[in-house]
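S.K.: Input: one structure, supplied below.
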Amino acid sequence: MTLRLYFLRHGKACSRADWREDDDLRPLTDAGETVVRAEGRAMKAMGLAPEVIVTSPLARARRTAEIVAEELGVSARVVEDRRLAPGFDAGRLAEIVEGQAAAASLMVVGHEPDLSATVAELTGGGRLDFKKGGLARVDVRGPRLDDGILAWLLTPAQITGE
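Just add 443 to wherever you are in the sequence shown, counting from 1, and you've got the working numbering.
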């Protein structure tokens, strides 16, 4: 069976230089929320229907996941997982996938450079440019997650057509 993995980088967040609180609490900007909402609508039009959306607990990623889930009509399927916080890698992904073994499609919402490095590891290498709000699909056969095929990597503008 093929597992369809979607990797979504959080939307545009407030500037680190302007944010004075804990970085884990740094939110999406209003413009970031608007783009993510448009992406969610476009994902629905594309027929994306992840069985589970697993998100980093950091505010910007969690809000991205919530918006996309709302637009896809799957708000009840959002799961927060600390393993998606910075430091996420293929090993942590394998643990997440194992915990969601019944799912044939899974979206993870996280951060750079972790998403790019994880996708590269799953697909045998390469360098990716994961824009804020970017979305990739990797198809993996088998439980070891070591034979992934990058189906596509889209920027927010490509997703929304804007």
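Where a beta carbon is used, it is the ideal one built from N, C-alpha and C, also for glycine.
To the nearest angstrom, report how far apart Arg520 and Ser548 are at their CA atoms.
M.R.: Taking the straight line joining both Cα atoms gives about 12 Å.
S.K.: Could you give the distance in angstroms between the alpha-carbon of Ala600 and the alpha-carbon of Ala481?
M.R.: Rounded to whole angstroms, Ala600 to Ala481 spans 10 Å at the Cα level.
S.K.: For Met486, is the classification buried or exposed, using 16 other Cβ atoms within 10 angstroms of its Cβ as the cut-off for buried?
M.R.: It counts as buried.
S.K.: Within the same chain, show all residues whose beta-carbon is closer than 7 Å to that of Ala537, passing over the 5 residues directly before and after it, in chain order.
M.R.: For Ala537, where only same-chain residues beyond five positions count, the Cβ hits under 7 Å are Leu588.
S.K.: Counting along the chain, where does the beta strand (DSSP E) carrying Val521 start and finish?
M.R.: Element bounds for Val521: Val521 to Glu523.
S.K.: For my contact list, Ser518 and Val552 are in at a C-beta cut-off of 8 Å; report their separation, rounded to the angstrom.
M.R.: Actually they do not touch by this definition, with Cβ atoms about 14 Å apart.
S.K.: What is the rounded straight-line gap between the Cα of Pro493 and the Cα of Val511?
M.R.: If I take the Cα positions, the gap works out to 11 Å.
S.K.: Is it right to say Gly490 is buried, meaning 16 or more other beta carbons lie within 10 angstroms of its own, or is it exposed?
M.R.: By the 10 Å Cβ count, Gly490 comes out exposed.
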